[in-house]
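Student: Submitted below is the structure of interest, expressed as structure tokens.
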Amino acid sequence: MKKAIFAALMTLLIAVAAACGQSGDKSEDQKTGENQNLWSSIKDKGVLTVGTEGTYEPFTFHDKKTDKLTGYDVEVIKGVAKRLNLKVDFKETQWDSMFAGLNSKRFDVVANQVGKKGREDQYDFSDSYTTSQAVVVTKADNNEIKSEQDVKGKTAAQSLTSNYNDLAKKAGANIEGVEGMAQSFQLIQQGRVDLTYNDKLAVLNYLKSSGNKNLKIAFETGDPQKTYFAFRKGSGELAEKVNSALNDMKEDGTLGKIAKKWFGEDVSQ
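Convert by adding 1342 to the 1-based position in the sequence shown; the result is the number in our numbering.
So this is what it looks like as structure tokens:
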């Protein structure tokens, strides 16, 4: 009797374990199927849904005159979508919520100057479409600061919580705290500080849009930083299609033209 009961219990446990395993496998299969069908679904709808901030000039922001969403990243992803015969539906989201929106399938891709570092295991990425790095800005007539070695002992205007402040301190500069890039440029032109460290793309956009001839980029520094479009892990064919369109834009010069429009030089390589 005891043996029969024991055998029945064992049979039941094995059946339950098998059922649980099948349930888990089915769940994984469903996820794989969803990822494989993502491109087909997007193609059928004819719409690529894109997450972006809409407040990050000059990459994604609203034109002050028309209030239309524009910017470098906006134009690049529109160019990609056009080559894939897709319309674009932008979903504007705060940066802190961007990846939560991607994970919850609120959009298919993020176009917002995303870096790979620390995210490679969680997301898929396109090929890079922007390369930038830190630059040092001085007055146009300053001939003393030409390299990192010339920064020591000089005064740099920096936002105290930024990575650029760390670069300036590492180079031996004395730090004058400011609220942002505009104030840094003002202090340089007034002769109250010697320089500032900042992002190359932001500086190029400012110099191009403002026409300011009183400032210059003295030199570039640090490791180049590349940015990418981000997808949910396993987006497969969608990422491949975006890459194909992006590479076509690089080869025929379209991407370079968009970059020059916004920054005055090709920053896409």
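By construction, the Cβ of each residue, glycine as well, lies at the ideal position given by its N, Cα and C atoms.
Every value quoted in this text rests on a predicted model; they were computed, and no experiment measured them.
1) Excluding the five sequence neighbours on either side, which residues of its own chain have a C-beta within less than 7 Å of the C-beta of Gln1464, listed in chain order?
2) State whether the segment 1451-1467 contacts the segment 1563-1570, with contact taken as three or more CB pairs (one from each stretch) at a distance under 8 Å.
3) CB-CB under 6 Å to Leu1546, same chain, minus the five flanking residues each way: which ones, in chain order?
4) Mapping the DSSP letters down to three states, classify Leu1580 as helix, strand or coil.
5) For the structure I just gave you, are there three or more beta carbon pairs, one from the segment 1584-1598 and one from the segment 1412-1428, closer than 8 Å?
6) If you compare alpha carbons, which of Met1523, Ala1513, Lys1555, Lys1433 is closest to Lys1542?
7) Who are the Cβ neighbours of Gly1388 in its own chain at under 8 Å, not counting the five residues just before and after it?
8) Please state whether DSSP places Asn1556 in a helix, a strand or coil.
9) Please report the distance separating the alpha-carbon of Val1520 from that of Ser1501.
10) Name the residue from Gly1421, Phe1432, Val1422 whose alpha carbon lies nearest to the alpha carbon of His1404.
11) Is it right to say Ala1320 is buried, meaning 16 or more other beta carbons lie within 10 angstroms of its own, or is it exposed?
12) Apply the 10 Å Cβ neighbour rule to Asp1508 and answer buried if 16 or more other Cβ atoms are within range, or exposed otherwise.
13) Can you tell me where the beta strand (DSSP E) with Ala1482 in it begins and where it stops?
14) For Lys1494, count neighbouring C-beta atoms within 10 Å of its own C-beta (all shown protein chains included) and say buried if the count is 16 or more, exposed if not.
15) Determine whether the beta carbon atoms of Lys1558 and Ala1482 lie at a separation below 8 Å.
16) Determine the DSSP secondary structure at Ser1446, reduced to helix, strand or coil.
17) So for Tyr1465, helix, strand or coil by DSSP?
18) Tell me whether Lys1568 counts as near the ligand COA, meaning its Cβ is closer than 7 Å to at least one heavy atom of that ligand.
19) Buried or exposed for Asp1565, going by 16 or more other Cβ atoms inside 10 Å?
20) Mark Asn1540 as exposed unless 16 or more other C-beta atoms lie within 10 angstroms of its C-beta, in which case mark it buried.
21) Can the beta-carbon of Gln1496 be found closer than 8 Å to that of Ala1515?
Tutor: Taking the geometry as given:
1) Lys1575
2) yes
3) Phe1605, Gly1606
4) helix
5) yes
6) Met1523
7) Asn1427, Leu1428, Lys1429
8) coil
9) 5 Å
10) Phe1432
11) What the structure shows of the chain is the stretch from 1343 to 1611, and residue 1320 is not part of that stretch, so it cannot be assessed.
12) exposed
13) Counting along the chain, Ala1482 falls outside any beta strand (DSSP E), and DSSP gives it neither H nor E.
14) exposed
15) yes
16) coil
17) strand
18) The ligand COA is absent from the structure shown, which contains no ligands of any kind.
19) exposed
20) buried
21) First, the amino acid is wrong: residue 1496 is Lys here, not Gln. Contact: yes.
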